[in-house]
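**Q**
Number of protein chains: 2
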Amino acid sequence: MVVFIELDFESKTPIYTQLKHEIIAGIARNEIALGEGLPSVRSLAADLGINLHTVNKAYQQLKQEGFILIHRQKGVVVNPDGVTPADETYYADLKETLRPSIAEAVCRGMSEEDYVSLIQDIFKEFKKGEKK
Amino acid sequence: MVVFIELDFESKTPIYTQLKHEIIAGIARNEIALGEGLPSVRSLAADLGINLHTVNKAYQQLKQEGFILIHRQKGVVVNPDGVTPADETYYADLKETLRPSIAEAVCRGMSEEDYVSLIQDIFKEFKKGEKK
DNA sequence: TTGTCTGTTATACTTATAATATAACAGTTA
DNA sequence: TAACTGTTATATTATAAGTATAACAGACAA
Numbered sequence: 001m002v003v004f005i006e007l008d009f010e011s012k013t014p015i016y017t018q019l020k021h022e023i024i025a026g027i028a029r030n031e032i033a034l035g036e037g038l039p040s041v042r043s044l045a046a047d048l049g050i051n052l053h054t055v056n057k058a059y060q061q062l063k064q065e066g067f068i069l070i071h072r073q074k075g076v077v078v079n080p081d082g083v084t085p086a087d088e089t090y091y092a093d094l095k096e097t098l099r100p101s102i103a104e105a106v107c108r109g110m111s112e113e114d115y116v117s118l119i120q121d122i123f124k125e126f127k128k129g130e131k132k
Numbered sequence: 001m002v003v004f005i006e007l008d009f010e011s012k013t014p015i016y017t018q019l020k021h022e023i024i025a026g027i028a029r030n031e032i033a034l035g036e037g038l039p040s041v042r043s044l045a046a047d048l049g050i051n052l053h054t055v056n057k058a059y060q061q062l063k064q065e066g067f068i069l070i071h072r073q074k075g076v077v078v079n080p081d082g083v084t085p086a087d088e089t090y091y092a093d094l095k096e097t098l099r100p101s102i103a104e105a106v107c108r109g110m111s112e113e114d115y116v117s118l119i120q121d122i123f124k125e126f127k128k129g130e131k132k
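These protein sequences, in sequence, are chains A and B.
Start counting the first sequence at 1; every next residue gets the next number (the numbering used here).
Start counting the second sequence at 1; every next residue gets the next number (the numbering used here).
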């Protein structure tokens with residue numbers, strides 16, 4: 001269950017952010033099914049060798065962003081209805097975050113085609129899981 | 001000169017990072033020509049209403065990443081030879097940073113085509129400048 | 001040569017964030 | 001009852017971001 005979560009303690013991106021990314025990637029790859037349960041904050045923290053509050057922070061944000069639900073009974077569960085679909089606000093925010101990346105790529109002489117094909121490579125990583 | 005630099009003091013992205021992004025975007029849009037001079041750390045800091053060290057931090061990183069040169073005589077100058085072109089390391093790092101963004105997009109039901117067309121929209125922002 | 005500008009370095013301070021460490025509370029369930 | 005769940009509170013440490021002064025050495029024009 002926790003097997004696919006890998007953290008880099010040397011990275012400058014915060015642990016709770018890495019944890020969020022790993023869980024979101026797990027959902028995208030269909031390694032965690034919709035409605036499936038996730039480990040408790042204490043057990044996941046123990047398995048990963050980190051603090052309970054670090055896991056809790058990641059869970060709270062994932063809940064806030066609609067990826068998971070937290071029932072008092074069932075515990076932590078991947079949102080069975082799927083994640084809130086992309087809307088105009090999401091597109092606008094995504095554009096803001098991608099612009100600096102593309103500006104740098106342009107400066108480094110990277111072609112639009114190369115950038116797009118790199119995007120397509122990453123999409124392929126997630127499409128494999130669709131067949132499961 | 002400084003006219004196109006806009007900072008958001010409410011943003012959670014650090015000021016020196018925003019400043020780097022603005023300058024890189026300026027280069028990508030050909031609003032700053034290769035070899036052209038940039039304001040001194042003190043004058044830019046005064047114009048933007050921020051501290052000299054914040055500007056210096058941005059300049060140092062831009063220098064480190066090959067976007068600008070700093071001569072003791074000529075002051076700060078956009079690298080006349082252009083920026084260090086994209087290599088395999090750059091592609092690998094770019095992939096790492098884009099993966100979480102794409103994973104979330106997949107979860108939100110965004111199609112590969114929609115994502116790519118958003119990328120193409122951003123590229124168009126920079127291509128306009130090519131005609132200058 | 002005297003100012004004035006340049007980047008650079010050093011020190012100090014404040015604030016915010018990240019991460020950990022305990023502890024406790026209330027509800028669930030075997 | 002006992003062991004688990006999420007949640008909240010408090011405290012501590014470490015690091016990053018931003019500001020505030022100050023000083024140094026080189027460039028350059030008056």
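Built from N, CA and C at the ideal position, the CB exists for glycine as well.
Note that this is a predicted model, so its numbers are computed, not measured.
1. Against chain B, which members of the stretch 77-94 of chain A pass a CB distance test of less than 8 Å?
2. Between leucine 62 of chain A and the rest of its own chain, which residues show a CB-CB distance below 7 Å, the 5 nearest in sequence each way excluded?
3. So, helix, strand or coil for glycine 109 of chain B, using DSSP?
4. Output the boundary residues of the alpha helix (DSSP H) element that contains glycine 26 of chain A.
5. In the stretch 112-125 of chain B, which residues sit with their C-beta less than 7 Å from some C-beta in chain A, listed in chain order?
6. Assign glutamate 104 of chain A to one of two classes, buried (16 or more other C-beta atoms within 10 Å of its C-beta) or exposed (fewer than that).
7. Run through the DSSP bridge pairs and tell me what isoleucine 70 of chain B is partnered with.
8. First and last residue of the alpha helix (DSSP H) that includes lysine 12 of chain A?
9. DSSP on lysine 127 of chain B, reduced to helix/strand/coil?
10. Going by C-alpha distance, which of B:Asn79, B:Leu52, B:Gly75 is nearest glutamine 64 of chain B?
11. Give me the Cα-Cα distance between lysine 132 of chain A and arginine 29 of chain A, rounded to the nearest whole angstrom.
12. Per the DSSP calculation, glycine 37 of chain B is bridged to which residue(s)?
13. Inspect the CB distances between the stretch 103-121 of chain B and the stretch 39-53 of chain A and report whether three or more fall short of 8 Å.
**A** The short version:
1. Gly82, Val83, Thr84, Pro85, Ala86, Tyr90, Tyr91, Leu94
2. Lys20, Ile23, Ile68
3. coil
4. That run of the alpha helix (DSSP H) goes 15-28.
5. Glu112, Tyr115, Val116, Leu118, Ile119, Gln120, Ile122, Phe123
6. buried
7. B:Val76
8. No alpha helix (DSSP H) contains lysine 12 of chain A, which DSSP labels as neither H nor E.
9. helix
10. The shortest Cα separation from glutamine 64 of chain B among B:Asn79, B:Leu52, B:Gly75 belongs to B:Asn79.
11. No answer about lysine 132 of chain A holds up, because its pLDDT of 41 lies below 50 and its placement is not dependable.
12. B:Val77
13. no
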